[in-house]
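Student: Supplied in structure tokens, the structure appears directly below.
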Amino acid sequence: MPDHSSPPRVAVFVTCLADLLRPQVGFATVKLLEAAGCRVEVPTTQTCCGQPAYNSGDRADAQALARQTIAACEEFDYVVLPSGSCAGMLRQYPALLADDPAWAARARGLADKTYELVSFLTDVIRLDRLPPVRYHRTVTYHDACSGLRELGIREQPRRLLAQVEGLRLVEMRDTEVCCGFGGTFCVKYPEISARLATDKCAAIAATGADEVLAGDLGCLLNIAGRLRRDGSPVKARHVAEVLAGLTDSPAIGEDRA
Amino acid sequence: MKPSSHLFKTQAAAALADPELQRALRQATTDGFAAKRAAAVAAFPEFEALRERGRRIKDHALRHLDVYLARFAAAVETNGGRVHWAEDAATACSVILDICRQAGAAKVVKSKTMVGEEIGLNPALEAGGLEVVETDLGEYIIQLAGEPPSHIIAPAIHKTREQIGVLFDRHHHGGRAVRPHTVPNLVDEARHVLRGKFLEAEVGITGANFLVAETGTVVLVTNEGNADLSLTLPDTHIVVAGIEKVVPTLADATTLLRLLARSATGQEITTYTTFVTGARREGETDGPRNYHVVLVDNGRSRMLADEFREMLRCIRCGACMNHCPVYSAIGGHAYGWVYPGPMGSVLTPRMIGLDTAYDLPNACTLNGRCRSVCPVQIPLPALLRRLREQQFERGLGGKPTRWALRAWAWLARRPRLYQALTGTVAGLWSRLPGKRGAVRRLPFAAGWTASRDLPTPTDPTFLSQWRQKGKRHHD
């Protein structure tokens, strides 16, 4: 258990998508956690949580990546990820390694201290006030499926976004309906995936928002890619970027000025 | 029916390109069933607690399935009925055909039964020379159209009112448009035709929503009353049911009824809820003279013994498909067999083969909405993932996909190499001339770029930047 007299040591697991395609989500995560009083470290032996293997039925590789992630992160008080989907995967490790007694207990240990970023800030750190941040935009929020249904994340990001000066949140219809990303689903069944993405982007456009925010890069890349293909003026950002005030750079998939 | 699940991708593409189907689906799933269920659940605060009770009732019944089935069968026989055990589809069909022959039947009316579809009952009876008429309106429509059901509670959900009107004109009026195709007109017309069929039939076949062990009662729900006419007018009533339908008590059945109607159609209770406990008794003036219950296994006891047992909790409400974004986009026929949507994607590979139905467990985003609405809390995404594991173990699926996955995993298990490689890719890409933040086309990523731009790296990787920062710190 974390020692409450000193700041918690928090490992950031940045996720492979953020690492490669949206590094500023990682920096936003670090900034928010430090502002919340955490001692932040980034384990250097992290790669991917194993979810693509797990969801493709490749159990052996998923187990190998689970062991690697456990070894990289278990020494910390908490592991925090800017993704409900990947945080949900770490919470699956005990089930994934249930047949391996030596690792099952370690997997349970890790799962119990793993959190998605926004819900960690609100539910664990109990952050009442964000450091002052401004963002003069009308936004809408997409509830990524894993965060919403596996981890119960719904009100938390909205509560923090309400503290951002100048930000107006307009809810879209069917915000809890999948955007069609689904990991390898989006390349295995591109036509169905595209149809779901089209429906999602229509719901986003109908709000009249300038930007769509979400807590998962998988969904955001899908949504941003579809918006861009349609020539839509709506931009997409990870919610952590807005909460941390790291919004100077182009939005996801947006051309550089 | 002959499975076409191996053509899933082609069928899905055709469904997406069919404007009539898209219109019918949009009306029925998102705006129809899902909204109605939400309203019913909102008006019933105990619903979540009831789901938990429903799960427990079914789990208990399944754990002691042998006991409750024996108790149910004994009660049916005590009440004067006959119970038949059918290990597979062929046995079930031949048992039912034999009963019809013994009854000297030429005409059969049927109330909607999904297990009847599963065992291919209609073609079997027709091959035996019987006339079979479906009496559920939706089922009647698709029987005329020569199509399988596309939804387990709303078999003709894929058809628009106009299409049904044209179909009725063709079958009832030699192709002439007699009356405007309004809903009341169409319902009237079907009622008129079916009334005659009910009166002529010697045998009525129904399914069962629940089998009650303590009393030997069969519980049936409909919104049209067609099950009641099917089972009271003909001389012989045959119930065909999967063995997983048995529950211990009448109280258990009523608990599940409260879940079933709300989950399926958003009703508090269906228009007709019928408790059947045997044939006409002495002194009674109506009801069938002969009563048979055919209990079908067809792979269920195998499922009971393995890690898919939870699927046997299914009470066939259809909520999973009503809330499935994939089903809502492509409809039920694309799945290529009797059971569509999430529950069908678990059942179908078990029944027709992991290979033939390869796409079904995979054509799912694992978004979990089906599980969150399932009245008996079946972990559908986990079961679909388990099927993917079995497919992977057997080497099914495209070789390129498997190799790509293995190669990626090989790399991801080597953090230094992985980070060196991703660092190099991101570093090079972000230094490319031009200011574009995404590409329109990329080799090997056509699945993505056919309909979406692909955001590309714009900076060095987070981990490489973090490392650089750390170095500056220490210098």
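Top to bottom, those sequences are chains A and B. The numbering of the first sequence is this note's numbering, which starts it at 1 and goes up by one. The numbering of the second sequence is this note's numbering, which starts it at 1 and goes up by one. C-beta atoms are modelled at their ideal positions from N, C-alpha and C, and glycine is treated no differently. Here the structure is a predicted model, which means the values were calculated and not measured.
For residue 119/B, which option in 130/B, 319/B and 240/B has the closest C-alpha, if you only look at C-alpha atoms?
Tutor: Mapped onto the second sequence, residue 119/B falls at position 119. Checked all of 130/B, 319/B and 240/B; the closest Cα to residue 119/B is 240/B.
Student: Touching or not, the segment 389–403 of chain B and the segment 221–232 of chain A, by the rule of three or more beta carbon pairs under 8 Å?
Tutor: Output reads no: the segment 221–232 of chain A does not touch the segment 389–403 of chain B.
Student: To which residues does DSSP link residue 85/B through a beta bridge?
Tutor: Here residue 85/B is taken as the residue at index 85 of the second sequence, counted from 1. Answer by DSSP bridge pairing, in chain order: 295/B.
Student: Mind checking which residues open and close the alpha helix (DSSP H) that includes residue 173/A?
Tutor: By one-based count along the first sequence, residue 173/A stands at place 173. Here residue 173/A belongs to no alpha helix (DSSP H), and DSSP marks it neither H nor E.
Student: For residue 275/B, which of helix, strand or coil comes out of DSSP?
Tutor: Your numbering for residue 275/B matches position 275 in the second sequence. In the structure shown, residue 275/B sits in a strand (DSSP, three-state: E or B).
Student: Taking the beta strand (DSSP E) that residue 242/B falls in, what are its first and last residues?
Tutor: Counted from its first residue, the second sequence places residue 242/B at position 242. Residue 242/B -> beta strand (DSSP E) spans 236–242.
Student: Between the Cα of residue 175/B and those of 89/B, 210/B, 166/B and 352/B, spot the shortest distance and give me the residue it belongs to.
Tutor: Residue mapping note: residue 175/B aligns to position 175 of the second sequence, counting from 1. That would be 166/B, whose Cα lies nearest to the Cα of residue 175/B.
Student: Here's a check: name, in chain order, each residue in its chain whose Cβ is nearer than 7 Å to the Cβ of residue 460/B, leaving out the five neighbours to either side.
Tutor: The residue given as residue 460/B occupies position 460 in the second sequence. Excluding sequence neighbours, residue 460/B sits near 423, 426, 427 and 430.
Student: Just how far apart, CA to CA, sit residue 181/A and residue 122/A?
Tutor: In the first sequence, counting from the first residue as 1, residue 181/A sits at position 181. In the first sequence, counting from the first residue as 1, residue 122/A sits at position 122. The alpha-carbon atoms of residue 181/A and residue 122/A are separated by roughly 27 Å.
Student: Could you tell me whether any Cβ in chain A is nearer than 8 Å to the Cβ of residue 498/B?
Tutor: Since the first residue shown for chain B is 1 and the last is 475, residue 498/B is missing from the structure and cannot be characterised.
Student: If you measure from the beta carbon of residue 322/B to each beta carbon in chain A, is any gap under 8 Å?
Tutor: As a working note, residue 322/B is residue 322 in the second sequence. Closer than 8 Å: no.
Student: Using C-beta distances below 7 Å, list every residue in its chain close to residue 215/B, excluding the 5 sequence neighbours before and after it, in chain order.
Tutor: Locating residue 215/B in the second sequence gives position 215, counting from the first residue. Same-chain partners within the cutoff: 75, 250 and 277.
Student: If we ignore side chains and look at the alpha-carbon of each, how far apart do residue 483/B and residue 314/B end up?
Tutor: Residue 483/B lies beyond the stretch modelled for chain B, which goes from 1 to 475, so this question has no answer here.
Student: If we ignore side chains and look at the alpha-carbon of each, how far apart do residue 34/B and residue 360/B end up?
Tutor: To locate residue 34/B, count along the second sequence from 1; it is residue 34. To locate residue 360/B, count along the second sequence from 1; it is residue 360. Roughly 22 Å separates the two Cα atoms.
Student: For a test of the three-state rule: what should DSSP assign to residue 262/A, helix, strand or coil?
Tutor: Given a span of 1 to 257 for chain A in the structure shown, any question on residue 262/A remains unanswerable.
Student: What in chain A is Cβ-close to residue 362/B, meaning under 7 Å?
Tutor: Here the question's residue 362/B lines up with position 362 in the second sequence. Correct list: 188.
Student: For residue 252/A, decide whether its Cβ has a neighbour in chain B, counting only Cβ atoms nearer than 8 Å.
Tutor: Translated into positions along the first sequence, residue 252/A becomes position 252. With 8 Å as the cut-off, residue 252/A counts as an interface residue toward chain B.
Student: Kindly list the residues whose CB is nearer than 7 Å to the CB of residue 152/B, restricted to its own chain and excluding five residues on each side of it in sequence; keep chain order.
Tutor: Here the question's residue 152/B lines up with position 152 in the second sequence. Closer than 7 Å at Cβ, skipping near neighbours: 114, 316, 318 and 339.
Student: Between 349/B, 181/B, 257/B and 11/B, which lies nearest to residue 212/B when the distance is taken from Cα to Cα?
Tutor: On the second sequence, residue 212/B is found 212 positions in, with the first residue counted as 1. Comparing Cα positions, the closest option is 257/B.
Student: Assuming residue 133/A and residue 164/A form a contact by the criterion Cβ under 8 Å, report the distance between their Cβ atoms to the nearest whole angstrom.
Tutor: Stepping through the first sequence from its first residue, residue 133/A is reached at position 133. Stepping through the first sequence from its first residue, residue 164/A is reached at position 164. Contact flag correct, Cβ pair sits at about 5 Å.
Student: List the residues of chain A that residue 465/B touches, going by C-beta distances under 7 Å, in chain order.
Tutor: Taking the second sequence and counting its residues from 1, one reaches residue 465/B at position 465. Simply 23.
Student: Would you say residue 454/B lies against chain A (beta-carbon separation less than 8 Å)?
Tutor: In the second sequence, counting from the first residue as 1, residue 454/B sits at position 454. It does; some Cβ of chain A falls within 8 Å.
Student: What is the rounded straight-line gap between the Cα of residue 13/B and the Cα of residue 80/B?
Tutor: The residue you call residue 13/B lines up with position 13 of the second sequence. The residue you call residue 80/B lines up with position 80 of the second sequence. Whole-angstrom Cα-Cα distance: 52 Å.
Student: Please look up how many angstroms separate the CB atoms of residue 263/B and residue 375/B, rounded, as I've assumed it's under 8 Å.
Tutor: Walking along the second sequence from the start, residue 263/B turns up at place 263. Walking along the second sequence from the start, residue 375/B turns up at place 375. Right, the Cβ-Cβ distance comes to about 4 Å (below 8 Å), so this counts as a contact.
Student: Less than 8 Å between CB atoms is the rule here; does residue 367/B satisfy it with respect to chain A?
Tutor: On the second sequence, residue 367/B is found 367 positions in, with the first residue counted as 1. By this cut-off, residue 367/B is an interface position.
Student: Of all the CB atoms in chain A, is at least one closer than 8 Å to the CB of residue 437/B?
Tutor: Sequence index remark: in the second sequence, residue 437/B carries index 437 (1-based). Residue 437/B counts as touching chain A.
Student: Leaving out five residues before and five after residue 174/A in sequence, what residues of the same chain have Cβ atoms less than 7 Å from its Cβ?
Tutor: The count along the first sequence starts at 1 and reaches residue 174/A at position 174. Here the set comprises 203.
Student: Since residue 192/A meets chain B, which of its residues come closer than 8 Å, beta carbon to beta carbon?
Tutor: Here residue 192/A corresponds to residue number 192 of the first sequence, with the count starting at 1. Per Cβ cutoff of 8 Å: 12, 16, 326, 329, 330 and 363.
Student: Take the Cβ of residue 269/B as the centre, count every other Cβ of all protein chains shown within 10 Å, and call the residue buried at 16 or more, exposed below.
Tutor: Taking the second sequence and counting its residues from 1, the one referred to as residue 269/B is at position 269. By the neighbour-count rule (16 or more Cβ atoms within 10 Å), residue 269/B is not buried but exposed.
Student: For residue 210/B, which three-state DSSP category applies?
Tutor: As a first step, residue 210/B is located in the second sequence; it is residue number 210 there, counting from the start. Note: residue 210/B maps to strand in three-state DSSP.
Student: Helix or strand or just coil, what does DSSP make of residue 115/A?
Tutor: What you label residue 115/A is simply residue 115 of the first sequence in a count that begins at 1. Strand, per DSSP.
Student: Any idea what DSSP makes of residue 344/B, helix, strand or coil?
Tutor: On the second sequence, residue 344/B is found 344 positions in, with the first residue counted as 1. Residue 344/B falls in the helix class under three-state DSSP.
Student: Taking Cβ-Cβ distances below 7 Å as the criterion, which residues of the segment 142–155 of chain A are in contact with chain B?
Tutor: Those would be 145, 149 and 150, in chain order.
Student: To the nearest whole angstrom, what separates the beta carbons of residue 156/B and residue 169/B, a pair I think is in contact under 8 Å?
Tutor: As a first step, residue 156/B must be located in the second sequence, where it is residue number 156. As a first step, residue 169/B must be located in the second sequence, where it is residue number 169. Contact doesn't hold; Cβ gap of about 16 Å is too wide.
Student: Rounding to the nearest angstrom, what Cα-Cα distance links residue 132/B and residue 176/A in this structure?
Tutor: The residue given as residue 132/B occupies position 132 in the second sequence. The residue given as residue 176/A occupies position 176 in the first sequence. Rounded to whole angstroms, residue 132/B to residue 176/A spans 43 Å at the Cα level.
Student: Name the chain A residues whose beta carbon is nearer than 8 Å to that of residue 468/B?
Tutor: Taking the second sequence and counting its residues from 1, one reaches residue 468/B at position 468. Simply none; closest approach about 11 Å.
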